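Here the structure is laid out as structure tokens; the discussion comes afterwards.
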Amino acid sequence: MKFINFEAIQRLEISSSICLEWVESALRMKYDCCLPSKISMKINPDIFFNTMPSYLPACGRFGVKIVSRFPERRPSLLSDILLYDSNTGEALALMDGSWITAMRTGAVAALSIKYLKSSFAKEYAFLGLGNTARATLLCLLSILGDEPLHIRLLAYKEQELLFMERFKEFSNLTFSIYNDTESLITGADVVVSCVTVAHELFASDSCYKPGVLVVPVHTRGFQNCDLFFDKVYADDTNHVCEFRYFNQFRQFDEFTNVLLLKNPGRISDEERILAYNIGIALHDIYFASEIYDKLKDSFSDIASNMTNEKFWV
Numbered sequence: 018m019k020f021i022n023f024e025a026i027q028r029l030e031i032s033s034s035i036c037l038e039w040v041e042s043a044l045r046m047k048y049d050c051c052l053p054s055k056i057s058m059k060i061n062p063d064i065f066f067n068t069m070p071s072y073l074p075a076c077g078r079f080g081v082k083i084v085s086r087f088p089e090r091r092p093s094l095l096s097d098i099l100l101y102d103s104n105t106g107e108a109l110a111l112m113d114g115s116w117i118t119a120m121r122t123g124a125v126a127a128l129s130i131k132y133l134k135s136s137f138a139k140e141y142a143f144l145g146l147g148n149t150a151r152a153t154l155l156c157l158l159s160i161l162g163d164e165p166l167h168i169r170l171l172a173y174k175e176q177e178l179l180f181m182e183r184f185k186e187f188s189n190l191t192f193s194i195y196n197d198t199e200s201l202i203t204g205a206d207v208v209v210s211c212v213t214v215a216h217e218l219f220a221s222d223s224c225y226k227p228g229v230l231v232v233p234v235h236t237r238g239f240q241n242c243d244l245f246f247d248k249v250y251a252d253d254t255n256h257v258c259e260f261r262y263f264n265q266f267r268q269f270d271e272f273t274n275v276l277l278l279k280n281p282g283r284i285s286d287e288e289r290i291l292a293y294n295i296g297i298a299l300h301d302i303y304f305a306s307e308i309y310d311k312l313k314d315s316f317s318d319i320a321s322n323m324t325n326e327k328f329w330v
């Protein structure tokens with residue numbers, strides 16, 4: 018078994034365009050894979066452990082990701098991935114999951130925007146400006162190229178300044194800073210929320226203009242949208258079926274069906290659309306499998322010293 022750390026993954030310099038290819042490939046094979054519901058264990062409203070398994074027959078791999086959030090830890094979100102050979106059961110690697118989690122989540126959000134945004138979308142609102150938001154914008158720029166975009170940022174602990182500094186090289190971007198969520202969201206064409214914890218709604222119904230696309234990466238703060246948005250998509254039904262208003266969604270489908278042309282997606286620039294495409298274990302294990310194949314010859318095996326005896330008691 019290999020141990021593959023964060024630095025080794027980062028040194029591969031995998032582009033955002035490759036990340037987009039990987040998440041789309043994984044979503045297109047979703048219905049040929051095994052994707053059990055994740056198990057979420059909450060210690061309190063702000064601390065959790067999520068266990069996320071998946072089996073990808075086409076890759077000959079299965080694995081599991083463990084992700085946890087501790088507000089006082091830096092970074093607060095961390096994850097690890099175990100990857101296995103599905104033909105032999107051999108443990109292939111223990112991998113740091115932080116890079117994979119951020120980039121696959123950002124790529125899924127950007128892919129959602131590509132397929133579901135209105136034709137006139139120019140105003141993009143971002144709240145929660147950590148690694149996931151950065152990954153989302155990087156992937157979005159890979160899709161939209163040099164198209165001029167106005168990026169609205171919610172001020173929080175001066176993270177908005179760091180965010181603008183990170184993207185200062187992109188001449189097609191302009192930025193505005195907002196101090197409250199209602200002002201941020203009002204008039205935005207696309208709203209991307211990477212806030213990991215929210216205890217109240219971000220904005221009243223009237224703040225969401227016709228044609229808006231909302232992508233709540235961590236799902237919190239948009240429950241009112243569940244009731245009046247025209248369409249709701251998710252990358253997996255099990256992510257949202259326990260939502261309070263799930264049975265009151267006006268229209269619902271999995272995003273994979275948009276990619277497979279079984280669902281038309283957006284059909285009007287007036288539709289308000291909610292995309293709970295937040296990334297699934299399928300993406301994590303697909304990314305882990307691809308990265309393992311790139312790095313497996315660069316790492317020595319770690320001796321596991323596991324028993325090979327059938328009877329040992």
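Residue numbers (the numbering used here): 18 to 330. Each residue gets a CB set at the ideal place from its N, CA and C atoms; glycine is no exception. Given the structure is predicted, the values throughout are model-derived calculations rather than measurements.
Taking C-beta to C-beta, are residue i and residue j nearer than 8 Å?
i    : j    : result
F316 : I21  : yes
G228 : D286 : yes
V231 : C242 : yes
L171 : L190 : no
D253 : I202 : no
L133 : I295 : no
I98  : G123 : no
C50  : P74  : yes
S54  : N255 : yes
L155 : F180 : no
T213 : R121 : no
A305 : I117 : yes
L277 : R45  : yes
I130 : L158 : no
N148 : A119 : yes
Y303 : C76  : yes
A108 : M18  : yes
L299 : A126 : no
L94  : G80  : no
E288 : D247 : yes
T273 : K47  : yes
V207 : A150 : no
E175 : I194 : no
K139 : L161 : no
Y225 : Q240 : no
L128 : E259 : no
From which residue to which residue does the alpha helix (DSSP H) around residue i run?
i    : result
A142 : Segment E140 to L144 is the beta strand (DSSP E) holding A142; no alpha helix (DSSP H) there.
V229 : Per DSSP, V229 belongs to no alpha helix (DSSP H) and is neither H nor E.
R388 : Only positions 18 to 330 of the chain appear in this structure, which leaves residue 388 out of reach.
N255 : T254 to V257
E38  : S33 to R45
A150 : N148 to L161
N274 : T273 to L276
L178 : Q176 to R183
Which stretch, first to last residue, makes up the beta strand (DSSP E) that contains residue i?
i    : result
H300 : Run containing H300: none in the beta strand (DSSP E); it sits in the alpha helix (DSSP H), A298 to L312.
M58  : I56 to N61
T191 : L190 to Y195
T68  : I64 to L73
I290 : I290 to Y293
R267 : That residue, R267, is in no beta strand (DSSP E); it is neither H nor E in DSSP.
R283 : Unbroken run through R283: none, as it is neither H nor E.
I319 : Neither: I319 is in no beta strand (DSSP E) and is coded neither H nor E.
L171 : L166 to L171
Count the other CB atoms within 10 Å of the CB of residue i; is the residue buried (16 or more) or exposed (fewer)?
i    : result
Y141 : buried
K279 : exposed
F137 : exposed
V234 : buried
D222 : exposed
D314 : exposed
F26  : Checking the sequence, you will find Ile at residue 26 rather than Phe. Under this definition I26 is a buried residue.
I308 : buried
M112 : buried
L52  : buried
R169 : buried
K59  : exposed
G106 : exposed
D310 : exposed
S6   : There is no way to answer for residue 6, as the model of the chain reaches only from 18 to 330.
V275 : buried
Report the CB separation of residue i from residue j in whole angstroms; it is logged as a contact under 8 Å.
i    : j    : result
S96  : I83  : 6 Å
Y250 : D270 : 6 Å
A220 : E186 : No, A220 and E186 are not in contact; Cβ-Cβ is about 31 Å, not under 8 Å.
ask   = What are the uninterrupted segments assigned as alpha helix (DSSP H) that are 4 or more residues long and contained completely in the segment 85-134, given in chain order?
value = 115-133
key: Runs of alpha helix (DSSP H) lying entirely within the segment 199-254, each at least 4 residues, in chain order   = 240-245
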